[in-house]
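Residue numbers (the numbering used here): 1 to 280.
The structure appears below as structure tokens.
Quick look at the structure:
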């Protein structure tokens, strides 16, 4: 093989490799797990095979087998939420498009067959855009910048999604706790109203006193109905963010109350230091 032909073949191989380069999304996930470790606990992953999907389903079933505390709610969202998986896949696609802007167009191979009397000649021509070659360094820098933006966007979106899950969990547990309290108040108000009715019947309560008890019961019943609506709405919002199916939603059990408040407030300097160290 001649030297010129070897050179031509080498160029073709290099261009083909450049055209087939792809984004290392596993590294992107690892970077996000590192940058947002307090949120993901290193468990952010994208399912790409049926086996991975089945493993995620088993993990979700295990998490739902006991009352869902806040940390497990975040873990459940990471392994179960279809919306989160779709967000990861979309970011991968966007990063791939960003990387494509820094690559040269695929070379064009032209074959030509010429026959003249008893002579047969086959011509081969491999061509590529000169402008693509001249602007390759600049386009590579632009592509790298776009990919860095996609990496930052991925981490930000994951943090936002996990923050929404944490907030939804707090609201759902608080609403359930308020519902339990409202049910106790309503039950006590009903008993008080019934007692007032009986006491008026025997002459120990006036109509005004009984009316006050009835008004208290009516207000308690209204508060109970409002608490029921709030508990249902916040629970459904949590179910949506966790991506639970109907069967999984039926298995969801929330704690009876929120965790106790810290014994003492955190020092402002520590909060500021943590906020600074956690910046992206």
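Note that CB positions come from ideal geometry on N, CA and C, so glycine has one too.
Cβ pair residue i, residue j closer than 8 Å
i: residue 44; j: residue 32; result: yes
i: residue 86; j: residue 150; result: no
i: residue 76; j: residue 164; result: no
i: residue 183; j: residue 234; result: no
i: residue 78; j: residue 46; result: no
i: residue 192; j: residue 221; result: no
i: residue 292; j: residue 196; result: Only positions 1 to 280 of the chain appear in the structure, and residue 292 is not among them; the question remains open.
i: residue 101; j: residue 139; result: yes
i: residue 70; j: residue 166; result: yes
i: residue 179; j: residue 144; result: no
i: residue 129; j: residue 105; result: yes
i: residue 59; j: residue 251; result: no
i: residue 231; j: residue 189; result: no
i: residue 40; j: residue 142; result: no
Beta strand (DSSP E) segment containing residue i, residue limits
i: residue 108; result: 108 to 116
Residues bridged to residue i [DSSP beta-bridge criterion]
i: residue 125; result: 110
i: residue 120; result: 115
Start and end residues, alpha helix (DSSP H) containing residue i
i: residue 87; result: 82 to 100
i: residue 247; result: 246 to 251
i: residue 204; result: That residue, residue 204, is in no alpha helix (DSSP H); it is neither H nor E in DSSP.
i: residue 57; result: 50 to 63
i: residue 34; result: 25 to 35
i: residue 132; result: 130 to 134
Neighbourhood of residue i by C-beta distance below 7 Å, restricted to the same chain and skipping five residues each side
i: residue 121; result: 114
i: residue 262; result: none
i: residue 238; result: 168, 169, 172
i: residue 224; result: 182, 183, 186
Beta-carbon proximity list for residue i, same chain, < 6 Å, skipping 5 on both sides
i: residue 110; result: 125
i: residue 25; result: 92
Proximal residues to residue i (C-beta, below 8 Å), its chain only, five neighbours per side dropped
i: residue 21; result: Any reading at residue 21 is ruled out, since the residue's pLDDT is 46, under 50, leaving its predicted position unreliable.
i: residue 177; result: 256, 257, 258
i: residue 243; result: 77, 80, 81, 82, 83, 84
i: residue 155; result: 31, 32, 35, 36, 280
Please give the ranges of any alpha helix (DSSP H) in the segment 155 to 181, keeping only runs that are unbroken, at least 4 residues long and fully inside the region.
Those alpha helix (DSSP H) runs which fall completely within the segment 155 to 181 and span 4+ residues do not exist here.
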